[in-house]
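Colleague: Structure below; questions to follow.
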Amino acid sequence: MAKNTVILQNILFPEVGVCTERELYFRYNSKVSSLAEEKGILFMQDGKVKFDTYFNGFSMGKWKKYTVLDSLKLNLCIRGKFLVELCSIEKIHKDILKKVLSREVVQCDEKGEVQVEFPQGNGKGMYTFSLKSLDKKAYFYGGCYCTDVEEEKLRKVKIGIDICTFRREAFVEKNIRILKESILENENSLMKDNLEIFISDNGQTLDREKLQTDKVHIFPNRNLGGSGGFTRGLIEINKSKNDNGVTHALLMDDDIVIETESLFKTYRILTMLKDDYADAFIGGAMLRLDKQNIQEESGASWNAGYLNSLKKNLDLNLLDACLYNEFEEYTEFNAWWYCCFPISVVKDDNLPLPIFIRGDDVEYGLRNMKHLVLMNGICVWHEPFENKYSSFLQYYILRNQLIDNSFHFPGYKKKTFYRALVGSCLREMMYYRYKNVDLILRGVNDFYKGPEWLMNQDGEQLHKDIMASGYRGVDIDELDIPFNYPMYENSRINADNKKKKMKRILTFNGMLLKAKGYNVVPMAGARPTNFYRKKRVLNYDITSNKGFITEKSYKEFFRCMGRLIKVSTATLGKFDKAKKVYQTKGPELRTLKFWNHFLGLEEER
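Next comes the structure, spelled out in structure tokens:
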């Protein structure tokens with residue numbers, strides 16, 4: 342049978358506006374420099390560049406496992422004479438094992454392309470290459486990994502990107518522009534006719550006339566959080582799949598920075614999946630937006646609500662970290678900042694749960710994901726969650742954990758829940774964040790009301806009430822505690838000595854002692870020691886330069902303690918009953934009939 346040559350992965354360069362961390366792309370010696378006028382690298386005599394990096398290494402082991410790939414070639418666009426070294430690299434325990442597969446001299450007197458083929462090797466770990474200049478001056482302009490594959494083995498794939506947004510016009514418009522320029526309106530893109538964008542506009546603020554095209558679809562939507570927005574997108578993609586041929590949905594956050602090669606790589610993997618993995622999910626890792634070489638998560642396990650982010654805090658500038666990523670660990674879901682799956686998963690009785698935020702991606706993954714493909718180079722950059730704080734989340738976190746556990750961990754015990762409930766409430770009391778205690782307890786009480794209560798809620802109004810019940814940051818100039826940066830920094834890094842820690846424990850973090858003075862602490866990542874014997878505290882968010890004040894109050898402390906005791910007592914009779922009701926009636930929350938009503942689509946249709 343005749344074979345076609347297909348590109349698997351392009352060689353990438355750092356790019357302003359996307360990522361400028363050079364060692365995510367290549368490593369070179371002092372006799373090499375980047376070209377100023379175009380993407381490329383200038384080599385002097387004996388200049389050497391290695392491409393064993395996060396973006397330019399090739400995850401051979403995973404490609405061989407999941408796809409029909411059986412050979413690998415390397416196309417290079419060069420001018421001059423080079424020694425090309427092809428090799429395989431694996432991590433075994435603490436050792437990095439490199440095996441040279443071949444060496445070959447290539448030459449182009451003018452700018453042109455050459456091709457070299459990887460020997461089979463053992464097909465494990467990372468396959469990669471290096472270039473060494475054999476001329477006084479030589480140039481590298483780019484290239485790609487490719488293969489020859491029979492047309493019959495390639496799957497027909499079209500991706501519908503599902504974006505949920507709420508009043509982030511600048512982010513959305515920027516990402517639409519990037520996707521148009523690089524793919525949708527790029528005649529050279531292999532994905533040009535295999536990608537469409539579906540945007541759920543929860544804030545109803547996007548300019549549809551300006552942004553909408555035949556491949557960019559915008560749907561004004563009720564603000565029902567991420568779950569409502571992403572579900573609206575899935576409904577619209579599913580509804581139009583017979584007309585536009587979409588085979589896969591890619592759920593993607595609105596406020597991310599993306600290297601569009603991630604989309605192409607996802608597409609190419611999907612076209613080549615083996616039959617055994619035809620239903621695979623493709624996940625994107627989250628890298629930090631402020632430290633672009635640091636990986637926050639690559640897949641995760643649910644662990645009954647105590648989420649475990651895998652491969653956290655890896656420095657991807659390091660080869661060792663890239664090779665660690667090649668190891669596959671037990672995963673149960675991938676967060677919806679970048680998660681692609683077959684649209685066939687989306688059925689009229691198999692939509693996400695209407696839980697607004699926190700846990701919707703977890704539950705849907707637990708329900709549907711059998712295989713998760715994670716690969717170096719498929720990622721997004723996102724603001725780290727440690728820099729984000731939203732008081733209203735206290736309502737959703739424990740409530741949604743209870744809902745998820747009802748479906749997927751019916752053995753979740755009352756005793757375990759008590760520990761989580763008491764621990765969460767006491768922590769907020771130590772922070773003088775008494776409104777947060779009310780939100781936590783309200784969430785638990787609402788869980789006890791069962792799925793029928795959730796079905797009958799106006800989800801948009803409920804969220805407005807929740808937002809109004811928590812703390813909201815205001816400009817620090819409007820607050821009567823003066824901002825002090827050294828005080829803020831000290832609260833981030835100072836640790837207790839043993840004596841102070843014992844004192845804190847014995848006095849309930851100083852609640853039994855007289856308080857005086859104030860402190861400035863981070864909203865997110867605050868610790869009990871920051872509040873010890875302080876009368877008032879400025880909770881500060883460095884990213885927005887906003888804050889709110891919390892104050893020690895015996896009245897509020899005992900009020901919250903009384904509410905906690907009341908809810909704990911109610912738990913004795915309501916916990917198991919609510920779980921059972923969710924198990925029997927809860928599946929109705931996942932139906933198209935329910936969602937059409939919840940989203941207000943019945944009136945539109």
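In this text, residue positions in the sequence shown follow this note's numbering: the first is 342, and each later residue adds one. Cβ atoms here follow ideal geometry from the backbone N, Cα and C, with glycine treated the same way.
Given a threshold of 16 other Cβ atoms within 10 Å of its Cβ, counted over all protein chains shown, does residue 441 qualify as buried or as exposed?
Modeller: Looking at its Cβ environment, which holds fewer than 16 other Cβ atoms inside 10 Å, residue 441 is exposed.
Colleague: Taking all protein chains shown into account, do 16 or more other C-beta atoms lie within 10 angstroms of the C-beta of residue 374, making it buried, or fewer, making it exposed?
Modeller: That one is exposed.
Colleague: Is residue 907 close to chain D? Criterion is C-beta to C-beta, closer than 8 Å.
Modeller: Reference to chain D is not applicable here, since this structure consists of a single protein chain.
Colleague: Can we say the region 623-638 touches the region 751-767, given the rule of at least three CB pairs closer than 8 Å?
Modeller: Output reads no: the region 751-767 does not touch the region 623-638.
Colleague: Report the three-state DSSP secondary structure of residue 486 (helix, strand or coil).
Modeller: Strand, per DSSP.
Colleague: Would you mind listing the beta strand (DSSP E) stretches within the region 888-924 that are 3+ residues and don't spill past its ends, in chain order?
Modeller: Listed in chain order, there is nothing to give.
Colleague: Let's test the definition: count the other Cβ atoms within 10 Å of the Cβ of residue 646 and tell me whether it reaches 16, buried, or not, exposed.
Modeller: By the neighbour-count rule (16 or more Cβ atoms within 10 Å), residue 646 is buried.
Colleague: Return yes when the Cβ of residue 539 is within less than 8 Å of the Cβ of residue 502, no when it is not.
Modeller: It is a contact, given that the beta carbons lie within the stated cut-off.
Colleague: With a 10 Å radius around its C-beta and 16 neighbouring C-beta atoms as the bar for buried, classify residue 919 as buried or exposed.
Modeller: So residue 919 ends up on the buried side.
Colleague: Under 8 Å, do residue 851 and residue 868 count as touching if we go by C-beta distance?
Modeller: No. Outside cutoff.
Colleague: Taking residue 433 as the reference, which of 414, 410, 425, 466 has the closest Cα?
Modeller: When only C-alpha atoms are compared, the closest one is 466.
Colleague: With respect to the alpha helix (DSSP H) encompassing residue 810, which residues constitute its N-terminal and C-terminal limits?
Modeller: That run of the alpha helix (DSSP H) goes 800-810.
Colleague: Leaving out five residues on either side along the sequence, give the residues of the same chain with a beta carbon under 7 Å from the beta carbon of residue 705.
Modeller: 693, listed in sequence order.
Colleague: I'd like to know whether the C-beta atoms of residue 351 and residue 449 end up nearer to each other than 8 Å.
Modeller: Not closer than 8 Å, so no.
Colleague: Compare the C-alpha of residue 662 against each of 360, 364, 807 and name the closest.
Modeller: Checking every option, the nearest Cα to that of residue 662 belongs to 364.
Colleague: Does residue 581 come out as helix, strand or coil in the three-state DSSP assignment?
Modeller: Looking at residue 581 - three-state DSSP - the assignment turns out to be helix.
Colleague: On the criterion of 16 or more Cβ atoms from any shown chain inside 10 Å, does residue 879 qualify as buried, or is it exposed?
Modeller: Per the 10 Å Cβ criterion, buried.
Colleague: Counting pairs of Cβ atoms below 8 Å between the region 890-909 and the region 737-744, do you hit three or more?
Modeller: As far as the Cβ criterion goes, the region 890-909 does not touch the region 737-744, which means the pair count is below three.
Colleague: If you draw a straight line from the alpha carbon of residue 717 to that of residue 902, how long is it in whole angstroms?
Modeller: Those two C-alpha atoms are separated by around 48 Å.
Colleague: Answer yes if the region 371-391 comes into contact with the region 640-657, meaning at least three C-beta pairs across the two stretches below 8 Å, and no otherwise.
Modeller: Output reads no: the region 371-391 does not touch the region 640-657.
Colleague: Should residue 736 and residue 780 be called a contact, given that it needs their Cβ atoms to be closer than 8 Å?
Modeller: Cβ distance < 8 Å, so residue 736 and residue 780 count as in contact.
Colleague: Decide if the region 786-801 is in contact with the region 924-938; the criterion is three or more beta carbon pairs, one per stretch, under 8 Å apart.
Modeller: The region 786-801, when compared against the region 924-938, does touch it at the 8 Å Cβ threshold.
Colleague: Kindly indicate which residue of 859, 594, 420 has the alpha-carbon position closest to the one of residue 891.
Modeller: The shortest Cα separation from residue 891 among 859, 594, 420 belongs to 859.
Colleague: For the putative contact between residue 674 and residue 702, defined by C-beta atoms under 8 Å, what is the C-beta separation to the nearest angstrom?
Modeller: Yes, residue 674 and residue 702 are in contact; Cβ-Cβ is about 6 Å, under 8 Å.
Colleague: Applying the 10 Å Cβ sphere with the 16-neighbour rule, what's the burial state of residue 668?
Modeller: With fewer than 16 Cβ atoms within 10 Å of its Cβ, residue 668 is classed as exposed.
Colleague: So the beta strand (DSSP E) residue 720 belongs to, where does it begin and stop?
Modeller: Start and end: 713-723.
Colleague: Let me confirm a value: residue 532 is counted as buried when at least 16 other C-beta atoms fall within 10 Å, else exposed. Which label applies?
Modeller: Label assigned to residue 532: buried.
Colleague: Flag this pair as touching only if the region 555-574 and the region 486-496 have three or more C-beta atom pairs under 8 Å; answer yes or no.
Modeller: In short, these stretches do not touch, since the Cβ pair count stays below three.
Colleague: Residue 443 to residue 427, Cα distance in whole Å?
Modeller: The alpha-carbon atoms of residue 443 and residue 427 are separated by roughly 5 Å.
Colleague: With H, G and I counted as helix, E and B as strand and the rest as coil, what does DSSP make of residue 658?
Modeller: Residue state, collapsed to three classes: coil.
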